[in-house]
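Below is one structure; the comments refer to it alone.
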Amino acid sequence: AQKITQTQPGMFVQEKEAVTLDCTYDTSDPSYGLFWYKQPSSGEMIFLIYQGSYDQQNATEGRYSLNFQKARKSANLVISASQLGDSAMYFCAMRESPLGYGNKLVFGAGTILRVKS
Amino acid sequence: DAGVTQSPTHLIKTRGQQVTLRCSPKSGHDTVSWYQQALGQGPQFIFQYYEEEERQRGNFPDRFSGHQFPNYSSELNVNALLLGDSALYLCASTSRGTGDEQYFGPGTRLTVT
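Protein sequence lines correspond, in order, to chains A and B.
Heads up: the first sequence begins at 1 in our numbering, then just goes up one per residue.
Heads up: the second sequence begins at 118 in our numbering, then just goes up one per residue.
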């Protein structure tokens, strides 16, 4: 069964610095997708970035980038120039089924990020 | 462009009661999934609907059922509520033809007393 591991329960970062949130995954499917979501205290799950298993380049979306190392089965999220509004819970998730057969997501336990001023 | 919407925002029910939660997918999306998120945990997949049929199901009892309407909106029904059903219920929508868009609604926070 597919599995997502986030080993950092909590992280602190100074405002304007970069931070890396770790995510490792386990799957036997050759086709999969990896997602990162931000969940503020309000509860809404906000989509940040997506990486497909066949994508040649690492995904980037503004201040977010995904450090995808396929051989190591890791998909770390890098947030550059941290802002106070980045304080939230961050979840790594994997699309479990091959494309076209369903889009079930499997989530990690999450990492709480706190940005200090 | 409206995103995923859910109603109600909050709900308080008593053990043994039944509850219905509602979700409207993002414009252009035809697939709806439901997740349960207990406090301090990651979301757990309940089931997914496409073309008005349940396509995938997670490890949840039959007390959890759903429905999808022709306009792609969906309902989650939970019967015989237990205290352990207290959680944030999230709806996610995507398009069947792609797998790289999974947008969530704001959630419904259910409290069972």
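Glycine residues also receive a C-beta, built at the ideal position from the N, C-alpha and C atoms.
Own chain residues within Cβ distance below 7 angstroms of residue i, not counting five before or after
i	result
S203 of chain B	L227, T228 and V229
Q134 of chain B	L198
S117 of chain A	E15 and L84
I4 of chain A	C23, Y25, C92, A93, M94, V106, F107 and G108
R180 of chain B	V195, N196 and A197
Y32 of chain A	S53, M94 and R95
CB contact below 8 angstroms: residue i versus chain B
i	result
E61 of chain A	no
A109 of chain A	yes
G43 of chain A	yes
F35 of chain A	yes
N103 of chain A	yes
F68 of chain A	no
F12 of chain A	no
Own chain residues within Cβ distance below 6 angstroms of residue i, not counting five before or after
i	result
T137 of chain B	E192 and N194
T7 of chain A	D22
T20 of chain A	N76 and V78
Q173 of chain B	Q165
Q219 of chain B	A209 and T211
Cutoff 8 angstroms: residue i Cβ touching any chain A Cβ
i	result
P125 of chain B	no
L199 of chain B	no
T148 of chain B	yes
R180 of chain B	no
R226 of chain B	yes
T211 of chain B	yes
G183 of chain B	no
L128 of chain B	no
G145 of chain B	no
Q135 of chain B	no
P223 of chain B	yes
Q219 of chain B	yes
P142 of chain B	no
F162 of chain B	yes
Q173 of chain B	yes
Q153 of chain B	no
Integer Cβ distance of residue i from residue j, believed to fall under 8 angstroms
i	j	result
Y167 of chain B	R139 of chain B	No, Y167 of chain B and R139 of chain B are not in contact; Cβ-Cβ is about 18 angstroms, not under 8 angstroms.
P125 of chain B	T225 of chain B	6 angstroms
H146 of chain B	S210 of chain B	4 angstroms
Backbone secondary structure at residue i - three-state DSSP
i	result
G33 of chain A	strand
L200 of chain B	helix
L113 of chain A	strand
D86 of chain A	helix
N76 of chain A	strand
M141 of chain A	Here chain A comprises residues numbered 1 to 117, so residue 141 of chain A is not present and cannot be evaluated.
T221 of chain B	Correcting the residue type first, residue 221 of chain B is Phe in the shown sequence and not Thr. Note: F221 of chain B maps to strand in three-state DSSP.
L193 of chain B	strand
F8 of chain A	Checking the sequence, you will find Gln at residue 8 of chain A rather than Phe. Looking at Q8 of chain A - three-state DSSP - the assignment turns out to be coil, as it is neither helix nor strand.
V106 of chain A	strand
Y25 of chain A	strand
K3 of chain A	strand
N67 of chain A	strand
A209 of chain B	strand
K16 of chain A	coil
Close Cβ partners of residue i (< 8 angstroms) along its chain, the five nearest in sequence each way excluded
i	result
E61 of chain A	L48 and I49
Residue i: CB within 7 angstroms of a non-hydrogen atom of the ligand ADP
i	result
Y50 of chain A	Only the bare structure without any ligand can be found here, which leaves the ligand ADP out of the picture.
* Would you be able to state if there are at least three C-beta pairs under 8 angstroms between the region 2-22 of chain A and the region 81-88 of chain A? => yes
* To do: Decide yes or no for the touch test of the region 65-80 of chain A against the region 21-29 of chain A: beta carbon pairs closer than 8 angstroms, at least 3 of them.
  => yes
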